[in-house]
Every structure is written in structure tokens, then in C-alpha cells.
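> Quick note, the sequence shown lines up with residues 48 to 288 if you use our numbering. We put the beta carbon where it would ideally sit given N, CA and C, even for glycine.
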Amino acid sequence: MNVGQLSKLIGIAFLALTLQIAGQDKNEYSVQRTTMIEKQIVSRGVTDEEVISVMTDVPRHLFIDESQWPIAYSDGPLPIGHGQTISQPYIVAFMTELLQPDTHHSVLEIGTGSGYQAAVLARLVHHVYTIEIVPELGRSARQTLKRLSYDNVSVQIGDGYKGWPKEAPFDRIILTAAPEEVPQALVDQLKPGGRMVLPVGPRWWGQDLLVIEKDSTGEVMEKKTLPVRFVPMVHEQERKN
């Protein structure tokens with residue numbers, strides 16, 4: 048065997064080992080996701096089969112720092128930097144189920160964060176438009192979503208209180224940060240027959256998760272679901288100060 052053949056064999060062996068390790072990692076996280084679904088989501092009453100299927104597939108660990116991968120599928124929110132968090136898996140599932148997404152829907156998300164919620168929605172709807180006020184998070188989420196081939200997600204860096212007028216109206220709107228009151232600009236950008244899911248209330252404590260529906264005449268109805276705790280939604284000027 049000459050040097051060239053030996054080098055080729057070593058290269059093949061290294062590639063096989065790399066693929067084996069990657070396969071083991073993939074299998075490990077797949078098992079963790081299945082456990083997450085069973086113990087954190089289904090056991091708490093989420094029943095939408097499409098939501099469950101998508102969350103079984105979307106790799107939550109790829110939307111957080113690698114140092115946190117061992118706890119990626121734990122039952123709670125995780126920090127993603129800049130004072131922001133990735134939501135608890137159950138809350139992501141519950142809010143997505145409340146949203147009642149469909150494949151023809153155009154969805155606006157306020158609070159991109161790391162991009163995980165947008166990735167879940169992208170598997171369920173036609174297009175996701177998501178706004179992040181923290182530039183570093185917005186750019187990082189855009190790169191992650193692109194790398195993972197979520198091609199039906201558009202990320203904009205800006206003030207979520209303003210919504211995305213150019214792409215409005217939306218079939219569904221979801222907020223992953225809590226305003227103290229329902230933003231009227233977002234209600235205005237919701238289609239008749241549309242639905243919005245959002246946390247509302249004082250900063251950090253005493254928030255409620257609301258479902259807002261707009262009927263065919265434009266009348267708005269509001270329903271409380273459960274108490275929650277989200278990071279506060281801030282205006283662009285407030286963040287700069």
C-alpha cells in the first residue's frame with residue numbers, strides 16, 4: 048500500500064467516524080425531544096398532532112449556545128443573551144396550539160429571540176415575518192434560520208410595537224415578549240377572522256396569556272388563558288436609553 052492509498056483510507060475512516068458521532072448526537076437529541084414531548088407537552092394537555100410532530104423534529108439545541116446543549120430540552124426557559132430567553136417548550140407548544148396555524152397563513156411574530164418559535168411556525172404556515180428589537184439577536188437568528196433552511200421566514204430588526212405594515216394584514220400574530228397593554232397597531236394589522244396570541248401585563252409579574260380574535264366585521268374579542276411570565280416588550284427608543 049502506497050502513501051496515497053493510506054492517506055485515502057485514513058480520510059475515509061475519519062469521515063466514517065465523524066458521521067458516526069454526528070449520528071449518535073442526532074439520535075441523542077431525538078430521544079431528548081421525544082421525552083420533552085411526552086413529559087412536558089402532551090402530559091400538560093397539548094393535543095394538536097401537527098404541533099406535536101413539528102416540535103418533535105425542530106432541533107431546539109441549535110437555537111441556543113452550544114454550552115447549554117446538555118439542558119436544551121429541559122423544562123424551562125433558557126438565556127440567549129442580552130437579557131432575553133428562549134421560551135419553555137411547553138409554552139411554545141401551548142401558544143402555537145392556541146394560534147391555530149394553517150398552511151396558507153401569513154404570520155407575524157414579535158420577538159424573534161434565537162429563532163426557535165419562528166422555526167416551529169415555519170413548518171406549519173406559508174410564511175413567518177418576525178421582528179427582533181435587539182440587533183445582535185436578530186442577525187444571529189437570521190443566520191441560524193438560513194443555515195437550517197427555514198426559507199419561509201423573514202427577519203426584520205426593529206420596533207415590534209410598529210408591526211410590519213408593508214406585509215400586513217396577517218392571518219395570525221404572536222408575541223413572545225409582554226407589552227403592558229395590547230398594541231393597537233398590531234390589532235390593526237390583524238386580518239378580519241384573524242387571531243393573535245400574546246402575554247400582557249406588568250413587567251415580569253402578573254401577566255396573562257391572551258387570545259384575541261377579530262371577526263369578519265372587525266370587532267375584537269379577548270380571552271384570558273393562563274398566567275405567564277415573559278420578558279417585557281420594549282420600544283426602540285426605550286431600549287436605546
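Closest by CA to LEU237, which one among ASP262, ALA225 and ILE180?
ASP262
> Give me the Cα-Cα distance between ASP206 and LEU256, rounded to the nearest whole angstrom.
21 Å
> Considering only residues of the same chain and omitting the five flanking positions on each side of THR65, which have a CB-CB separation below 8 Å?
In this prediction, THR65 has a pLDDT of 37, which is less than 50 and means its spatial position is unreliable; what the coordinates show is noted afterwards. Once the five neighbours on either side are set aside, THR65 has no close Cβ partner at all.
> Please state if the CB of GLU179 and the CB of ILE138 are separated by a distance shorter than 7 Å.
no
> Just the Cα atoms here: how many angstroms apart are ALA215 and LYS209?
11 Å
> Would you kindly check if the distance between the Cβ of VAL154 and the Cβ of HIS219 is under 7 Å?
Inspection of the sequence shows that residue 219 is occupied by Arg rather than by His. Cβ distance < 7 Å, so ARG219 and VAL154 count as in contact.
> Tell me the rounded alpha-carbon separation between ILE127 and SER161.
Between ILE127 and SER161, the alpha-carbon positions lie close to 7 Å from each other.
> List the DSSP bridge partners of ILE359.
Summary: the structure shown does not reach residue 359, with the chain confined to residues 48 through 288, and so no result is reported for it.
> Report yes if the CB atom of GLU144 is closer than 7 Å to the CB atom of VAL93, and no otherwise.
yes
> Under the three-state reduction of DSSP, which class applies to MET280: helix, strand or coil?
coil
> Could you please give me the residues that DSSP links to PRO242 through a beta bridge?
Just to set this straight, residue 242 is Arg in the shown sequence, not Pro. BP columns for ARG242 point to ARG219 and GLU260.
> Determine the contact status of THR223 and GLN147, defining contact as a CB-CB distance below 7 Å.
no
> Under 8 Å: do the stretch 241-255 and the stretch 275-285 share three or more Cβ pairs, one atom per stretch?
Verdict: yes, contact present.
> Where ASP95 and GLY130 are concerned, what is the direct C-alpha to C-alpha distance, given to the nearest angstrom?
31 Å
> Restricting to runs no shorter than 4 residues, where is the alpha helix (DSSP H) found entirely within the stretch 111-152?
136-146
> Do you know whose CA, among PRO212, VAL258, GLY265 and LEU233, lies nearest GLY240's CA?
Ranking the options by Cα distance to GLY240, first place goes to GLY265.
> Let me make sure I understand the geometry here. Which of LEU184, THR150, GLU183 and THR272 has the alpha-carbon closest to that of LEU168?
THR150
> Just how far apart, CA to CA, sit PRO226 and ALA188?
22 Å
> Mind checking who ASP255 pairs with in its DSSP beta bridge?
Its beta-bridge partners are VAL247 and PRO274.
> Straight-line CA distance for ARG91 to ASN74?
Their backbone Cα atoms lie some 25 Å apart in a straight line.
> Tell me VAL167's beta-bridge partners as DSSP assigns them.
Looking at the DSSP assignment, VAL167 forms no beta bridge with any residue, so it has no partner.
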